[in-house]
Amino acid sequence: MNRSAVTQKYSEKFTATIHEVPKIKEFVEKTLKDWFVREEDLQDIVLASDEAATNIVMHAYNGENKQENTLKIMIKKKGNLIEIDMEDTGLTFDIRTLPKPDIQLNLKGQKRGGFGVFLMKTLMDKINYKRKKDCNVTVLLKKINDG
Amino acid sequence: MVKVKETNGNLIVYLKGRLDVHLSGEIEKDLNQLIEKKPDKDLIINLLDIEYMSSSGLRVLVAIMRLLKGNNKNLKLCHLNSAVRKIFEVVELMDMFDIYETEEEALKS
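Rendered as structure tokens:
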């Protein structure tokens, strides 16, 4: 059997509130540590997951911070590919459509933020999205260094 | 959450822990109040004890820099760890901020 092809996966369901985002980050971080993912890849994936979860809370759920809003995270490792699936039941929200941040507008105070999605897109290799029944499914993918 | 030291022309702020979506709002509020009380001071933010920062933290730093510039004052950052520095590099903000290795260098500049 080719050991590198074995898929390992963990999933957990969270409340989609800003108070839960640190717990989502910790879940991803702990799982990656259990898989001995190297520190640089780990930091990139953890940050991208934090940014994705934050955007889902703020956009798909409009920052409502309601206890009934949920975010299911599944994290998989197949060979050197890490995949993080995030499933929410909020409004249709394709994270990829958020624009690149405008630094000058931020400095003028005409716009706040927009850095998260840019970080996510840069730190991961690919972001996928699909609407499945009443759910948004956002998928983050990154090839890690096995070295 | 925000520890402050005052020198002649500067306020030095020591941030600790996580600068993420959960805590950044509170930190921004504290920094805004500080600048309101001492509008004639430059601000040095020492990030030595920041364990983790997300774009929410970056957004706060940009907002604070804008506020200070409105008062003709400067924001300087020091002691960025490699993860924090990488965020600045990825979003191409290194040139927008005055970044120093140490607090002493920030004070001397």
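So the protein lines, in turn, are chains W and Z. The numbering of the first sequence is this note's numbering, which starts it at 1234 and goes up by one. The numbering of the second sequence is this note's numbering, which starts it at 134 and goes up by one. For every residue, glycine included, the Cβ atom is placed at its ideal position computed from N, Cα and C.
- Helix, strand or coil at W/T1248 [DSSP, three-state]: For W/T1248, the secondary structure class from DSSP, reduced to helix, strand or coil, is strand.
- Task: Evaluate contact between the stretch 1359-1377 of chain W and the stretch 1337-1347 of chain W, counting only Cβ atoms and requiring at least three cross-stretch pairs below 8 Å.
- Result: Because the criterion of three Cβ pairs below 8 Å is not met, the stretch 1359-1377 of chain W and the stretch 1337-1347 of chain W do not touch.
- Cross-chain neighbours of Z/I220 in chain W, by beta carbon under 7 Å: Residues of chain W passing the Cβ test: L1352.
- Query: Within 10 angstroms of its Cβ, does W/R1271 collect 16 or more other Cβ (buried), or is it exposed?
  - Reply: Its Cβ having fewer than 16 others within 10 Å, W/R1271 is exposed.
- Note down, in chain order, all residues in the stretch 229-241 of chain Z with a beta-carbon under 8 Å from any beta-carbon belonging to chain W. Taking 8 Å as the Cβ-Cβ cut-off against chain W, the residues of the stretch 229-241 of chain Z that qualify are M229.
- Message: Let's see if you can read the secondary structure: which residues bound the beta strand (DSSP E) around Z/K138?
- Response: Bounds of the beta strand (DSSP E) holding Z/K138 are 136-139.
- Query: With 16 other CB atoms within 10 Å as the buried threshold, where does W/M1234 fall?
  - Reply: In this prediction, W/M1234 has a pLDDT of 41, which is less than 50 and means its spatial position is unreliable; what the coordinates show is noted afterwards. W/M1234 is exposed by the Cβ-count criterion.
- Cutoff 8 Å: Z/D173 Cβ touching any chain W Cβ: For Z/D173, not one C-beta of chain W is nearer than 8 Å to its own C-beta.
- For my contact list, Z/I232 and Z/L201 are in at a C-beta cut-off of 8 Å; report their separation, rounded to the angstrom. About 15 Å separates the CB atoms of Z/I232 and Z/L201; that is not less than 8 Å, and the two are not in contact.
- For the beta strand (DSSP E) that contains Z/D182, what are its first and last residues? That run of the beta strand (DSSP E) goes 175-186.
- Hey, does Z/H212 have any beta-carbon neighbour from chain W nearer than 8 Å? No, Z/H212 lies away from the interface with chain W (no Cβ there is under 8 Å from its Cβ).
- Item | Cβ-based neighbour list, W/K1258, same chain, cut-off 8 Å, excluding 5 preceding and 5 following | Cβ within range, chain order: V1279, S1282, D1283, A1286.
- Beta-carbon of W/E1284 versus every beta-carbon of chain Z: anything under 8 Å? When Cβ-Cβ separations below 8 Å define contact, W/E1284 makes contact with chain Z.
- Could you name the residues of chain W that Z/V195 contacts, counting a contact when the two beta carbons are closer than 7 Å? What Z/V195 touches in chain W: N1339, L1340.
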